[in-house]
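*Asks:* Structure provided below as structure tokens; questions to follow.
2 protein chains.
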Amino acid sequence: MRLIEHEGVGAVSMRRVAAELGAGTMSLYNHVPSKIALLDYAAEQIMADIEPYTVETDDWRDHMRAHARAVRDHARKHPRAFVLLATRRMSGDVGLRPIEVALMNLERAGFKGEVAVRVVRAMVSYLLGTLTREMATTPELGGVALSPYQPIDPEAFPRSSAVLDELGRYDHDMEFEFGLELMIKALEQYSEG
Amino acid sequence: MRLIEHEGVGAVSMRRVAAELGAGTMSLYNHVPSKIALLDYAAEQIMADIEPYTVETDDWRDHMRAHARAVRDHARKHPRAFVLLATRRMSGDVGLRPIEVALMNLERAGFKGEVAVRVVRAMVSYLLGTLTREMATTPELGGVALSPYQPIDPEAFPRSSAVLDELGRYDHDMEFEFGLELMIKALEQYSEG
DNA sequence: CGCTGCGACGTACAGCGTACGTAGCTGGAT
DNA sequence: ATCCAGCTACGTACGCTGTACGTCGCAGCG
Chain A
1 MRLIEHEGVG AVSMRRVAAE LGAGTMSLYN HVPSKIALLD YAAEQIMADI
51 EPYTVETDDW RDHMRAHARA VRDHARKHPR AFVLLATRRM SGDVGLRPIE
101 VALMNLERAG FKGEVAVRVV RAMVSYLLGT LTREMATTPE LGGVALSPYQ
151 PIDPEAFPRS SAVLDELGRY DHDMEFEFGL ELMIKALEQY SEG
Chain B
1001 MRLIEHEGVG AVSMRRVAAE LGAGTMSLYN HVPSKIALLD YAAEQIMADI
1051 EPYTVETDDW RDHMRAHARA VRDHARKHPR AFVLLATRRM SGDVGLRPIE
1101 VALMNLERAG FKGEVAVRVV RAMVSYLLGT LTREMATTPE LGGVALSPYQ
1151 PIDPEAFPRS SAVLDELGRY DHDMEFEFGL ELMIKALEQY SEG
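Those protein sequences? They're chains A and B, same order as listed. Heads up: the first sequence at position 100 corresponds to 100 in this note's numbering, and the numbers run straight through without jumps. Heads up: the second sequence at position 141 corresponds to 1141 in this note's numbering, and the numbers run straight through without jumps.
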């Protein structure tokens, strides 16, 4: 985990890990069947370390906001490790816990059964999408910090060039909250109609 | 592209590509500065190949549905190649064109300027999230096709075990449309109030 | 005492990206 | 006609990767 957070997933090699542990390279294989399994385990660890949120009200919206923000906070604290979660599918208790929490909360909002599962999945998709994109733009290692847009041809892309400033600016806080509120609005309306 | 689609991004090596082209490995470097640049170019190609949607009405909702479905259809046609888009940020004309189309359509719905950009980004995040997840579960190469959930402890996870069947089933069509309609509902409400 | 199993370790192999040096050809300048 | 610059192709080599395989020593048990 230390290696991942300091130098990124790409820096993880069996030789590096073994050296960091002061052990022989192949000794690792007595504890882990393959490198993939090692990274799977690291991903589980990251997922398990997401801090449980606390909230004072009983409003499902506040719970949803708090839960989403807890995930995002965790991602921002471990940006290089978080990418491991994007592609992996978690099947154990570790992956089930946040789902259980979400289902519990959605029950408050009147969502049950199949629909609740769909809502959870839509939410997870949005979260994974924004956070993956946000982490990809953090300046540390490879991320583009500032405006990646050269002057745009206004004839070919009139709308884009009209909002060129906004396209080049990234206010991740704002954008995250915007998308989150969008989802909440949608769910409010869904549960009513 | 042939190599990516048949054997996945992981099978792409400079030696393989060169062999496929009947050329020497290092000859590739006369046309491409690095392997990363090669994959960047492949990603651009994939993005450029997304088929423009056609729609008969002027309703922004129908346009949004058609656009989203066009992206998904493309992703499903080239599942192994599509993952290249998840992490990359496109800055040229190729990346701008879909944005321009989206902005044009959002104008119909009354979204302009900064807000329109935020809507586009939220939409892109959702699309990238669902499609990444969907592609990760396609049975071809590495995907888990059927229920990955072992029997769940009903005491620890009562809600999850109540919907165990749904958790194990993936109806990607349904789920995609569900999330899409959720976003549309949210935007409708947003533009009204 | 001897055996069995497990953890640690070194060696080796096939493959990777690419830096570097070296050819051959081709078009323009002299 | 001659020469040279620049482009493309290619082979070799370096340092890295994941891991299959064989060996060694030690701990626990019959």
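A virtual CB, placed ideally from N, CA and C, is assigned to each residue, including glycine. Here the structure is a predicted model, which means the values were calculated and not measured.
Taking 7 Å as the threshold (beta carbon to beta carbon), is B:R1159 in contact with chain A?
*Replies:* It does: the Cβ of B:R1159 has a partner Cβ on chain A nearer than 7 Å.
*Asks:* With a CB to CB cut of under 7 Å and the five nearest residues on each side skipped, what residues in its chain are close to A:F82?
*Replies:* Result list for A:F82: I46, A75, L131, M135, in chain order.
*Asks:* Using a Cβ-Cβ cutoff of 7 Å, what residues of the region 162-192 of chain A are near chain B? List them in chain order.
*Replies:* Hits within the stretch, in order: V163, E166, L167, E175, F178, G179, L182, M183, K185, A186, Q189, Y190.
*Asks:* Expressed to the nearest angstrom, what Euclidean distance is found between the alpha-carbon atoms of B:M1014 and B:K1035?
*Replies:* Straight-line Cα distance between these residues: approximately 7 Å.
*Asks:* For chain A, find out if any of its Cβ atoms is closer than 7 Å to the Cβ of B:E1114; answer yes or no.
*Replies:* Taking Cβ atoms only, chain A reaches closer than 7 Å to B:E1114, which makes this a yes.
*Asks:* So that I know if they touch, is there some Cβ in chain B lying closer than 7 Å to that of A:G142?
*Replies:* Residue confidence for A:G142 is low, a pLDDT of 48 falling below 50, so the modelled location carries little weight and cannot support an answer.
*Asks:* Buried or exposed for B:R1133, please, with buried defined as at least 16 other CB atoms from any protein chain shown within 10 angstroms of its CB.
*Replies:* Flag for B:R1133 reads buried.
*Asks:* Leaving out five residues on either side along the sequence, give the residues of the same chain with a beta carbon under 7 Å from the beta carbon of B:V1119.
*Replies:* Result list for B:V1119: L1106, F1111, L1187, in chain order.
*Asks:* Against chain A, with Cβ distances strictly below 7 Å, would B:L1003 count as a contact?
*Replies:* No, its Cβ sits nowhere closer than 7 Å to a Cβ of chain A.
*Asks:* Run the CB neighbour count on B:H1006, radius 10 Å, all protein chains shown included, and call it buried at 16 or more, exposed below.
*Replies:* Exposed is the call here.
*Asks:* Measuring only between beta-carbons, confirm whether A:L39 sits less than 7 Å from chain B.
*Replies:* Not closer than 7 Å to any Cβ of chain B, the Cβ of A:L39 fails to qualify, so no.
*Asks:* What does B:S1125 touch in chain A if you count any residue whose Cβ is under 7 Å from its own?
*Replies:* Within chain A, the residues near B:S1125 are Y126, G129, T130, R133, G179.
*Asks:* Using CA coordinates, which residue listed in A:A11, A:R88, A:A109 is at the minimum distance from B:T1137?
*Replies:* Comparing Cα positions, the closest option is A:R88.
*Asks:* Can A:L96 and B:F1157 be called in contact, C-beta distance under 7 Å?
*Replies:* Yes, they are a contact pair.
*Asks:* Which residues in the same chain as B:M1104 place their Cβ atom closer than 6 Å to its Cβ, once the five residues preceding and following it in sequence are excluded?
*Replies:* Same-chain partners within the cutoff: there are none.
*Asks:* Shorter than 7 Å from the beta carbon of B:A1122 to some beta carbon of chain A?
*Replies:* Answer yes: the Cβ-Cβ gap between B:A1122 and chain A drops below 7 Å somewhere.
*Asks:* For B:I1184, which of B:P1079, B:H1063, B:L1128 has the nearest alpha-carbon?
*Replies:* Cα-wise, what sits closest to B:I1184 is B:H1063.
*Asks:* Does DSSP classify A:V115 as helix, strand or coil?
*Replies:* Helix.
*Asks:* Can you tell me where the alpha helix (DSSP H) holding A:H67 begins and where it ends?
*Replies:* First-last of the alpha helix (DSSP H) with A:H67: 60-77.
*Asks:* Taking the CB atoms as reference points, tell me whether A:L39 and A:V32 lie closer together than 7 Å.
*Replies:* Not closer than 7 Å, so no.
*Asks:* What separation, rounded to the nearest whole angstrom, lies between the Cα atoms of A:A18 and A:E44?
*Replies:* So the alpha carbons of these two residues sit roughly 20 Å apart.
*Asks:* Using only the alpha-carbon positions, how far apart do B:V1009 and A:A68 sit?
*Replies:* Near 32 Å, if we compare the C-alpha coordinates of A:A68 and B:V1009.
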